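Remarks on the structure that follows.
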Amino acid sequence: MKLKKKDEKLILIAEENAIDNSGEKRGDAVRKFSDQLAIRLKRKIDLVHIAGLTDFPDLTRRAQSEIRSSLRDRLVRLKTLEKSLSAFSKASFISGDPVDELLNLANQIDIYEMISVGTHGRRGIRRIFLGSVSESLIRLSKIPVMIIGPSAVGNSADFLGDKKISLLIPTSLTANSIPAEKYAMRLALLLGARVEFFHCMHDALHPVLQTAFSAPQLSPAIYEYIAETKALAMKQLALKTKLARKMGIEATALLDSKTRSSTDAVLMEVKRSKPSLIIMGTHGHSLLAGAFFGRTLRDVILAAPTPVISVRSKRS
46 MKLKKKDEKL ILIAEENAID NSGEKRGDAV RKFSDQLAIR LKRKIDLVHI
96 AGLTDFPDLT RRAQSEIRSS LRDRLVRLKT LEKSLSAFSK ASFISGDPVD
146 ELLNLANQID IYEMISVGTH GRRGIRRIFL GSVSESLIRL SKIPVMIIGP
196 SAVGNSADFL GDKKISLLIP TSLTANSIPA EKYAMRLALL LGARVEFFHC
246 MHDALHPVLQ TAFSAPQLSP AIYEYIAETK ALAMKQLALK TKLARKMGIE
296 ATALLDSKTR SSTDAVLMEV KRSKPSLIIM GTHGHSLLAG AFFGRTLRDV
346 ILAAPTPVIS VRSKRS
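Sequential numbering of the sequence shown, starting at 46, is according to this note's numbering.
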């Protein structure tokens, strides 16, 4: 596999709140995870903070001197963050719409390896949102996005280290997962990591068959269909494993044919195998999920104790 040039950078995004006191723990975690990965990838980091219009709600009434003072304070804070990064390249402070400005940077695919960002997550009904900036980057960025979810924030000390790096690749076994699988192979080569392809069969079934699958008794025809689907999935996983091994990557595969939720299946496997990174596509299986960036990806980001790298599907 052709690897990109050595001077690529890992762009690190300090979220708006990470520059202030609120959200500092999350910002610290993003920097620590990203710095360790950049060192292992032999990349440098661009530390970026975007000052959106919402930072200055009373812009028309605020004296220019006060605005300049606020910006100077943020620049000083940004400079102090540089010292915590071993792989530091440069720091930037940009005014404008956070999503637009970050996408302009992230979509420079010949410059950046990936974009790294944190997310606050939400509880209850609002838990489907990760934060407007994070969600937009995941859905629209042309390069991979590493997200440090709320459950991963406190685990940066154990990230990578001297242990054998492992990558978990949840796959739908469709074309939507191919970009994520390809990127995972690329990372595995760069990191000397082992990979595990993981597929939950139940979520791949047609909704009608999912309902039938939950019935106390199944008809012979449904049993036969499920058996055929399982055999096909195992064959596809075996082919992916074979290809990875041919590339010199230590690879395994696991099929979950019992768990009735791909989110639950992935999180159980994360708990069992303790991967260093999870790499997933952005597609969803339903209209509602597709409106965001994939139900399973969203839920895994919120609950996983390790960073998740999302890779946009060509169909997203």
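Think of the CB as a built atom: it goes at the ideal place given N, C-alpha and C, for glycine as much as any other residue.
These numbers were taken from a predicted model, which means no experiment stands behind them.
Between Leu322 and Pro352, how many whole angstroms is the CB-CB distance? I'm expecting something under 8 Å. As a position in the sequence shown, residue 322 is number 277, starting the count at 1. As a position in the sequence shown, residue 352 is number 307, starting the count at 1. Right, the Cβ-Cβ distance comes to about 6 Å (below 8 Å), so this counts as a contact.
Tell me the residue span of the beta strand (DSSP E) that contains Leu322. Here residue 322 refers to the residue found at position 277 of the sequence shown. Per DSSP, Leu322 is one residue of the beta strand (DSSP E) stretching across Leu322 to Gly326.
Sheet register partners of Thr297 (DSSP bridge): Position 252 of the sequence shown holds residue 297. Answer is Glu241.
Starting from Ala136, follow the beta strand (DSSP E) in both directions and report where the run begins and ends. Counting from one through the sequence shown, the residue named residue 136 turns up at place 91. Here the beta strand (DSSP E) through Ala136 covers Phe133 to Ser140.
What residue range does the beta strand (DSSP E) around Ser306 cover? Mapped onto the sequence shown, residue 306 falls at position 261. First-last for Ser306: undefined, no H or E at that position.
Residue span of the beta strand (DSSP E) that contains Ile154, given as start and end: Reading the sequence shown from its first residue, position 109 is the one you call residue 154. Run containing Ile154: none; DSSP gives neither H nor E here.
Per the DSSP calculation, Gly163 is bridged to which residue(s)? Start at 1 with the first residue of the sequence shown, and residue 163 comes out as number 118. Looking at the DSSP assignment, Gly163 forms a beta bridge with Ile193.
Contacting residues, own chain, Cβ-Cβ under 8 Å from Ile294 (five flanking each side not counted): For the purposes of this step, residue 294 is taken as the residue at position 249 of the sequence shown. Excluding five sequence positions before and after Ile294, the CB atoms of its chain that fall closer than 8 Å to its own CB belong to Met230, Ala233, Leu234, Ala238, Arg239 and Val240, given in chain order.
Taking 8 Å as the threshold, find out whether the segment 81-90 comes into contact with the segment 131-147 through three or more Cβ pairs. The answer is yes - the segment 131-147 touches the segment 81-90, with three or more Cβ pairs under 8 Å.
So what does His94 bridge to, in DSSP terms? Against the sequence shown, residue 94 aligns to sequence position 49. DSSP output for His94 lists Phe138 as bridge partner(s).
Since His247 contacts Arg305 with CB under 8 Å, what's their CB separation in whole angstroms? Position 202 of the sequence shown, counted from the start, is the residue given in the question as residue 247. Position 260 of the sequence shown, counted from the start, is the residue given in the question as residue 305. Contact holds; Cβ gap of about 5 Å.
Helix or strand or just coil, what does DSSP make of Ile354? Walking along the sequence shown from the start, residue 354 turns up at place 309. Strand.
Within the continuous beta strand (DSSP E) that includes Ile188, where are the two ends? Along the sequence shown, one-based indexing puts residue 188 at 143. Annotation for Ile188: no beta strand (DSSP E) segment contains it, and DSSP assigns it neither H nor E.
Go through its chain and collect everything with a Cβ distance to Lys77's Cβ below 6 Å, but skip five positions before and after it. Reading the sequence shown from its first residue, position 32 is the one you call residue 77. Taken in chain order, the residues that qualify are Ser201.
Host beta strand (DSSP E) of Ile214 (start-end): Position 169 of the sequence shown holds residue 214. Run containing Ile214: Ser211 to Pro215, per the beta strand (DSSP E) assignment.
Taking the C-alpha atoms as reference points, what is the distance between Val356 and Tyr268? Counting from 1 along the sequence shown, the entry for residue 356 is found at position 311. Counting from 1 along the sequence shown, the entry for residue 268 is found at position 223. Val356 and Tyr268 have their C-alpha atoms some 34 Å from each other.
Below 8 Å between beta carbons: does that hold for Ala225 and Pro350? Your numbering for residue 225 matches position 180 in the sequence shown. Your numbering for residue 350 matches position 305 in the sequence shown. The Cβ-Cβ distance between Ala225 and Pro350 does not fall below 8 Å.
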